[in-house]
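J.:
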Amino acid sequence: MTASVHYLGKLLCITLFAVPSPLMEKKNATPSDLSPLYTYYHSSSALASKATHTKAIKTKAAIRFAAARRAAARQAELKIIRMEAHILYEELQLANEGMDEKVLKYALIGYHRLLKRNEIQNPDILTICDFGQASSQKRMYVIDLNAKKLLSRNYVAHGVSSGTAFASSFSNTPESHKSSLGFYVTRNTYIGENGLSLRLDGFDRGFNTLAGRRNIVIHGAPYVSDRILEKYGVMGTTYGCPAIPEELSRELIPVLTGGSCFFIYYPSKRYLSHSSVLNG
545 MTASVHYLGK LLCITLFAVP SPLMEKKNAT PSDLSPLYTY YHSSSALASK ATHTKAIKTK
605 AAIRFAAARR AAARQAELKI IRMEAHILYE ELQLANEGMD EKVLKYALIG YHRLLKRNEI
665 QNPDILTICD FGQASSQKRM YVIDLNAKKL LSRNYVAHGV SSGTAFASSF SNTPESHKSS
725 LGFYVTRNTY IGENGLSLRL DGFDRGFNTL AGRRNIVIHG APYVSDRILE KYGVMGTTYG
785 CPAIPEELSR ELIPVLTGGS CFFIYYPSKR YLSHSSVLNG
């Protein structure tokens with residue numbers, strides 16, 4: 545019985561495969577002709593590919609939409625900051641103090657960027673050094689943003705290699721003896737060879753981030769004074785530090801300490817377009 549079944553099974557297989565198939569006799573038959581499974585497989589692959597492509601399109605659209613929302617939010621934020629700058633500029637009558645409104649605008653943009661990143665621990669104080677002005681001008685402005693008050697306007701020196709009466713060349717390189725543009729946050733005080741001094745931490749990549757290594761600090765100096773200006777016609781210079789009048793340092797440095805925003809400005813197209821704080 546078992547042998548008979550085995551024999552019939554073999555016979556059936558031979559018969560099935562011996563019967564000529566129209567597809568097999570067809571000349572130049574394609575894989576699609578020979579196998580419906582081939583067609584099904586490639587149809588499925590095409591559908592999967594189409595689904596992947598559709599997903600990629602949706603992902604790109606979502607990315608573009610998110611970018612557009614961020615850009616719109618950024619523009620709205622800048623509009624508010626410009627309004628804030630204009631109101632503050634008018635309230636403090638900074639035009640009468642020699643400051644251009646755009647300088648305050650840039651200062652507030654950077655201030656809010658750092659504030660949003662939780663880098664500022666003393667948010668009431670904003671200091672602006674306008675190096676677009678000559679060193680013979682009182683170009684350092686200390687503003688109390690909470691009280692909306694100009695606390696101080698006084699002299700500030702620049703680096704000896706940045707220029708004489710005007711600073712026009714800036715660097716982040718150690719031993720360059722140049723001033724460094726950009727946004728800083730004040731740190732702790734210490735007593736050094738220049739007396740009471742205030743450390744600065746630079747936040748503008750490529751412009752002032754080596755301030756610590758260069759020992760760029762705020763300190764008082766006897767060569768930053770009306771007496772020096774009257775005697776030589778120009779203010780004294782430093783190795784890169786924003787030095788202030790010696791008699792002012794003991795009063796002002798405690799106000800600036802502890803995480804306030806300190807901004808050194810110059811109308812440099814390269815800086816304004818590449819500042820990681822302004823454009824971050």
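Using our numbering, you'd call the opening residue of the sequence shown number 545 and step up by one each time.
From the three backbone atoms N, C-alpha and C, an ideal C-beta is built for every residue, glycine too.
1. For L645 and V761, what's the separation of their Cα atoms in angstroms?
2. Which term fits Q665, buried or exposed, when burial requires 16 or more other beta carbons within 10 angstroms of its beta carbon?
3. Check whether the Cβ atoms of S804 and I601 lie closer than 8 Å to each other.
4. Taking buried to mean at least 16 other C-beta atoms within 10 Å of its own C-beta, is N752 buried or exposed?
5. Just the Cα atoms here: how many angstroms apart are A755 and N690?
6. With a cut-off of 8 Å on the beta carbons, I'd call R683 and D674 a contact; round off their distance for me.
7. Return yes when the C-beta of E663 is under 7 Å from any heavy atom of the ligand SAH, and no when it is not.
8. Quick one: residues in its chain with C-beta nearer than 6 Å to the C-beta of S812, no 5 flanking neighbours on either side, listed in chain order?
9. List the residues that DSSP assigns as beta-bridge partners of G764.
10. Spatial neighbours of M568 within its chain, please: C-beta separation below 7 Å, excluding the five flanking residues on both sides.
11. Out of curiosity, what's the CA-to-CA distance linking S741 and A612?
12. Quick one: what does DSSP say L689 is sitting in, helix, strand or coil?
13. Between S589, H818, I808, which lies nearest to L725 when the distance is taken from Cα to Cα?
14. For K722, which option in L816, N732, A711 has the closest C-alpha, if you only look at C-alpha atoms?
15. Pick helix, strand or coil for Y809, following the three-state DSSP scheme.
16. When you compare only the Cα positions, how much space is there between D748 and F727?
17. May I have the straight-line CA-CA distance separating M779 from S769, to the nearest angstrom?
18. Starting from the N-terminal side, write out each stretch of the beta strand (DSSP E) that is 3 residues or longer and does not extend beyond the stretch 600-672.
19. Could you tell me whether the stretch 793-800 touches the stretch 730-741, using the rule of 3 or more Cβ pairs below 8 Å?
20. Considering only residues of the same chain and omitting the five flanking positions on each side of V700, which have a CB-CB separation below 8 Å?
21. Taking the continuous alpha helix (DSSP H) assigned at Y776, which residues delimit it?
22. Mapping DSSP to helix, strand and coil, what is Y728?
23. Mark R614 as exposed unless 16 or more other C-beta atoms lie within 10 angstroms of its C-beta, in which case mark it buried.
24. Taking all protein chains shown into account, decide if F806 is buried (16 or more other Cβ within 10 angstroms of its Cβ) or exposed.
25. What separation, rounded to the nearest whole angstrom, lies between the Cα atoms of E663 and K594?
26. Take the Cβ of A765 as the centre, count every other Cβ of all protein chains shown within 10 Å, and call the residue buried at 16 or more, exposed below.
27. State the Cα-Cα distance for the pair T603 and R758, rounded to the nearest angstrom.
T.: So, from the listed chains and residues:
1. Reading the sequence shown from its first residue, position 101 is the one you call residue 645. Reading the sequence shown from its first residue, position 217 is the one you call residue 761. The question names Leu, but residue 645 is Glu in the sequence shown. Counting only the Cα atoms, V761 lies some 27 Å from E645.
2. For the purposes of this step, residue 665 is taken as residue 121 along the sequence shown, with counting starting at 1. By the neighbour-count criterion, in which a residue is buried when 16 or more other Cβ atoms sit within 10 angstroms of its Cβ, Q665 is exposed.
3. As a position in the sequence shown, residue 804 is number 260, starting the count at 1. As a position in the sequence shown, residue 601 is number 57, starting the count at 1. Cβ distance not < 8 Å, so S804 and I601 don't count as in contact.
4. Translated into the one-based positions of the sequence shown, residue 752 becomes position 208. N752 should be labelled buried.
5. Start at 1 with the first residue of the sequence shown, and residue 755 comes out as number 211. Start at 1 with the first residue of the sequence shown, and residue 690 comes out as number 146. The alpha-carbon atoms of A755 and N690 are separated by roughly 28 Å.
6. Stepping through the sequence shown from its first residue, residue 683 is reached at position 139. Stepping through the sequence shown from its first residue, residue 674 is reached at position 130. Contact holds; Cβ gap of about 5 Å.
7. For the ligand SAH, the structure offers nothing, since it holds no ligand at all.
8. Taking the first residue of the sequence shown as position 1, residue 812 is located at position 268. Taking S812 as the centre and dropping the five residues before and after it, the same chain places no C-beta closer than 6 Å to its C-beta.
9. The residue you call residue 764 lines up with position 220 of the sequence shown. Per DSSP, I788.
10. The residue labelled residue 568 in the question sits at position 24 within the sequence shown. Because the pLDDT of M568 is 45, which lies under 50, any placement of that residue in the model is unreliable, and the number read from its coordinates should be weighed accordingly. The answer is none, since no qualifying residue turns up.
11. Reading the sequence shown from its first residue, position 197 is the one you call residue 741. Reading the sequence shown from its first residue, position 68 is the one you call residue 612. A direct Cα-to-Cα measurement between S741 and A612 gives close to 45 Å.
12. What you label residue 689 is simply residue 145 of the sequence shown in a count that begins at 1. Residue state, collapsed to three classes: coil.
13. Reading the sequence shown from its first residue, position 181 is the one you call residue 725. L725 has its Cα closest to that of I808, out of S589, H818, I808.
14. Taking the first residue of the sequence shown as position 1, residue 722 is located at position 178. The residue with the shortest Cα to Cα distance from K722 is A711.
15. The sequence position of residue 809 within the sequence shown is 265, counting from 1. Residue state for Y809 is assigned as strand, using DSSP reduced to three classes.
16. Position 204 of the sequence shown, counted from the start, is the residue given in the question as residue 748. Position 183 of the sequence shown, counted from the start, is the residue given in the question as residue 727. C-alpha separation (whole angstroms): 6 Å.
17. Translated into the one-based positions of the sequence shown, residue 779 becomes position 235. Translated into the one-based positions of the sequence shown, residue 769 becomes position 225. Those two C-alpha atoms are separated by around 7 Å.
18. Counting whole runs of 3 or more residues, the stretch 600-672 contains no beta strand (DSSP E) stretch at all.
19. Segments in contact, yes.
20. In the sequence shown, the residue the question calls residue 700 occupies position 156. These residues qualify, in order along the chain: C673, S679, R683, M684, V768, P786, A787, I788.
21. Walking along the sequence shown from the start, residue 776 turns up at place 232. In the DSSP annotation of this structure, the continuous segment of the alpha helix (DSSP H) that includes Y776 starts and ends at 770-776.
22. As a working note, residue 728 is residue 184 in the sequence shown. Of the three classes helix, strand and coil, the one that applies to Y728 here is strand, per DSSP.
23. Sequence index remark: in the sequence shown, residue 614 carries index 70 (1-based). Exposed is the call here.
24. For the purposes of this step, residue 806 is taken as the residue at position 262 of the sequence shown. The residue is buried, with at least 16 neighbouring Cβ atoms inside 10 Å.
25. Position 119 of the sequence shown, counted from the first residue, corresponds to residue 663. Position 50 of the sequence shown, counted from the first residue, corresponds to residue 594. E663 and K594 have their C-alpha atoms some 47 Å from each other.
26. Reading the sequence shown from its first residue, position 221 is the one you call residue 765. A765 should be labelled buried.
27. Along the sequence shown, read from residue 1 onward, the residue named residue 603 stands at position 59. Along the sequence shown, read from residue 1 onward, the residue named residue 758 stands at position 214. For T603 and R758, the gap between their C-alpha atoms comes out near 46 Å.
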